[in-house]
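Asker: So the sequences go chain by chain: P and W. Just so you know, we're using numbering that gives the first Met the number 0 here: the first sequence kicks off at 0 and counts up by one. Just so you know, we're using numbering that gives the first Met the number 0 here: the second sequence kicks off at 0 and counts up by one. Built from N, CA and C at the ideal position, the CB exists for glycine as well. What follows is a single structure, and I will ask about it in a moment.
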Amino acid sequence: MSDRSEHARETEAALREALSTALLEGARDAKNGVRKQVLSAARSDARYAQSRTLAARASAVLVAVTLLAGGASVAAATADPGQPAYALKRAAERTALALLPPGALRDALLVRFEQRRADELVELMSKDLSDADLWGALRSMGVPSGGTAPTDPYDALRREMERLQPGEPDAPAQGEGGMTEDNGRQLPRGPAKEPSSSPGSGASDGVEPAPGPSTGEGGGSCDSGGSGSGSPGQGPGGSVEPTGEARPGLDHQSGGGVGPR
Amino acid sequence: MRPKDVDRQVRRAQQGDPRAFARLYDEFYERVYGFVRSRVSDAEDAKDLAATVFMRAWEALPSYDVRGAPFSAWLFRIARNAVIDQYRRKARDLERVSEDEAAGVSDGGAVDETVIARCDGEAVRRAVRRLTDEQAAVIALRFFWDMPVTEVADALGKTEGAVKAMQHRAMRMLARFLSEEMDERSL
């Protein structure tokens, strides 16, 4: 029995290898071209034109504040948590927010800062910091320590990462370098998401394809030939039918009052 | 990419961030390409289909709920629908095997892995195209998408037992088809 099992495993391994080689032949060559097509379509998607405009303006405000603050702030713009210049970076963010009246632009900036915090936490996770260094970095971000906070800094880091996930209605963290949203005002929520449904196409109309026989054509022939190389009707660059409502504008999910601390 | 990282990128992409979608594209491209390539005879068609799949995914992202089915399963359904649409457009060139036809083909028995290793890429692709859509889906999800049986069962609307049986039969069918390929070449 064990010989048969071993043989079955070897056969499966050989099939996997053969399939991988055969089905991925040419994949690498096509990857970049397809990527460009797809991302070009994504970037020009009119549903997000307004949020992209806001994000660009928010970035411009941040850059302007940084430049006005002088050379040290420019250098601080890329500082990591725990570094001396990180406080300057956070100060620049607070200043940028303070300059903006409540509204979509300020919200866009808050979203950007939230993503920065998330990226910083991911970066911290990937570094092999000592506990002391990690606590130092987390405190500079305003992550609480002591009291009911986890004693292990990596637990604190993970908890903070969980808190920053959009949709989580958590209070902002307090502490050194921290910044609360003014009076706990929450970021606006986007429209409710439709329940997940089978994504489809113009032809299949979002209906899960029923298993079973094909349309009856074709057969055992493997080399049908004549399949041509024409692009499908909905080929690259063509319009693609959405399966849900279009959601223009600033449509983010971080309604939990999470912002830079 | 860990599932949580995928979810994070999905959320960002749902807010219109094309860079996040680019990361998803890089993560899932080979899985999508491998599957669509298994269903079409032409590399150019596979490339076009892969592009279609990702553009449809971008378009439909607002309707995807990260708390529901895994993103990989959702993306696979898009790929499967795209292949079906391709079949409808190119009805004359179908190479699909119906379930009834497949049921009539005996799977022969175990095949030596050296036979498999001797088959070239085109022979393997021809053999895969002779599988039914469901068999091809199971092979793609188990071998390319590395999905556990439970997720494959969810994705295809089958029981776990059915998926295991389908996988087993698909592999034996593949082995038989490859053996036939080698026999033809030796003639």
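1. Determine the direct distance from the alpha carbon of W:I77 to that of P:P194, and round the result to whole angstroms.
2. Cutting at 8 angstroms between CB atoms, please list the residues of its own chain near P:G227, excluding the five before and the five after it.
3. Would W:R168 count as contacting chain P if we go by Cβ distances under 8 angstroms?
4. Within a Cβ cutoff of 7 angstroms, which residues of the same chain sit near P:S220, ignoring the five residues on either side of it in sequence?
5. What number of angstroms, rounded off, separates the C-alpha of W:E159 from the C-alpha of W:R128?
6. Once the 5 residues before and after P:M160 are set aside, which same chain residues still bring their CB inside 6 angstroms of it?
7. Could you round the C-beta distance between W:M146 and W:A154 to whole angstroms and report it? I think they count as a contact, below 8 angstroms.
8. How many Å lie between P:A63 and P:A26 at the Cα?
9. If you measure beta-carbon to beta-carbon, which residues of the stretch 15-27 of chain P are closer than 8 angstroms to chain W?
10. Does the contact criterion of 3 or more C-beta pairs under 8 angstroms hold for the stretch 1-9 of chain P versus the stretch 124-141 of chain W?
11. Indicate the three-state DSSP secondary structure (helix, strand or coil) for W:R9 in the structure shown.
12. At 9 angstroms on the CB atoms, spell out the chain P contacts of W:P70, in chain order.
13. Any beta carbon from chain P within less than 8 angstroms of W:A42's own beta carbon?
14. Could you check whether W:L140 and W:V123 sit closer than 8 angstroms to each other, using their CB atoms as the reference points?
15. Looking at the structure shown, is P:M160 part of a helix, part of a strand, or coil, going by DSSP?
16. Residue range of the alpha helix (DSSP H) that W:G33 falls in?
17. Taking beta-carbon pairs under 9 angstroms, can you tell me which members of the stretch 113-145 of chain P lie near chain W?
18. Return no unless some Cβ of chain W is closer than 8 angstroms to the Cβ of P:Y47.
19. Which word fits P:K289, buried or exposed, when buried means at least 16 other C-beta atoms lie within 10 angstroms of its C-beta?
20. Looking only at its chain, what residues have a beta carbon closer than 7 angstroms to the beta carbon of P:L99, apart from the 5 residues adjacent to it on each side?
21. Can you have a look at P:G146 and say buried or exposed, based on whether 16 or more other CB atoms are within 10 angstroms of its CB?
22. Taking the alpha helix (DSSP H) that W:V127 falls in, what are its first and last residues?
23. In this structure, does DSSP put W:G160 in helix, strand or coil?
24. Measuring straight from C-alpha to C-alpha, what distance separates W:V5 and P:R42?
25. Below 8 angstroms between beta carbons: does that hold for W:A59 and P:V33?
26. Measure the alpha-carbon distance for P:F112 versus P:E92 and round it to whole angstroms.
27. Chain P partners of W:K46, CB-CB under 8 angstroms?
28. Name the residues in the stretch 21-34 of chain W whose C-beta lies less than 9 angstroms from a C-beta of chain P; which are they?
29. What span of residues does the alpha helix (DSSP H) with W:Y86 cover, start to end?
30. Touch check for the stretch 40-48 of chain W and the stretch 58-74 of chain W: three-plus C-beta pairs under 8 angstroms?
31. Given a cut-off of 8 angstroms on the beta-carbon distance, is the pair P:L123 and P:P80 in contact?
32. Just to confirm before moving on: does the CB-CB distance between P:A29 and W:Y86 stay below 8 angstroms?
33. Determine the DSSP secondary structure at P:A148, reduced to helix, strand or coil.
34. Exposed or buried, what is W:R46 when buried is set at 16 or more other beta-carbons lying within 10 Å of its beta-carbon?
35. Tell me the DSSP secondary structure of P:A59 in three-state form.
Answerer: Taking the geometry as given:
1. Here P:P194 scores only 31 on pLDDT, less than 50, and its place in the model is too uncertain to base an answer on.
2. For P:G227, the predicted model reports a pLDDT of 36, less than 50, meaning its position is unreliable and no value from the coordinates is stated.
3. no
4. Confidence in P:S220 is poor, its pLDDT being 36 and thus under 50, which makes the residue's placement unreliable; the coordinate value appears in the next sentence. So the list is empty, once near-sequence residues are dropped.
5. A straight-line Cα-Cα distance of about 24 angstroms links W:E159 and W:R128.
6. L120
7. 7 angstroms
8. 44 angstroms
9. Residues of the stretch 15-27 of chain P with a Cβ closer than 8 angstroms to any Cβ of chain W, in chain order: R15, E16, A17, L18, S19, T20, A21, L22, L23, E24, G25, A26.
10. no
11. The question names Arg, yet the displayed sequence has Val at residue 9 of chain W. Look at W:V9 here: in three-state DSSP terms it is helix.
12. In the sequence on display, residue 70 of chain W carries Phe and not Pro. Those do not exist, as W:F70 stays about 10 angstroms from chain P at its closest Cβ, beyond 9 angstroms.
13. yes
14. Cβ atoms of W:V123 and W:L140: not closer than 8 angstroms.
15. helix
16. 17-36
17. Q114, A117, V121
18. For P:Y47, the answer is yes, since a Cβ of chain W falls inside 8 angstroms of its Cβ.
19. This structure cannot settle anything about residue 289 of chain P, because the visible part of chain P is limited to 0 through 260.
20. Once the five neighbours on either side are set aside, the close Cβ partners of P:L99 are V60, R105, L108.
21. exposed
22. 120-128
23. helix
24. 20 angstroms
25. Cβ atoms of W:A59 and P:V33: not closer than 8 angstroms.
26. 8 angstroms
27. G25, A29, G32, V33
28. The stretch 21-34 of chain W vs chain P, Cβ under 9 angstroms: A21, Y24, D25, Y28, E29, Y32, G33, F34.
29. 70-88
30. no
31. Cβ atoms of P:L123 and P:P80: closer than 8 angstroms.
32. no
33. The answer is coil: DSSP assigns P:A148 none of H, G, I, E or B.
34. This sequence places Lys at residue 46 of chain W; Arg is not what is there. By the 10 Å Cβ count, W:K46 comes out buried.
35. In this structure, P:A59 counts as helix in the three-state DSSP scheme.
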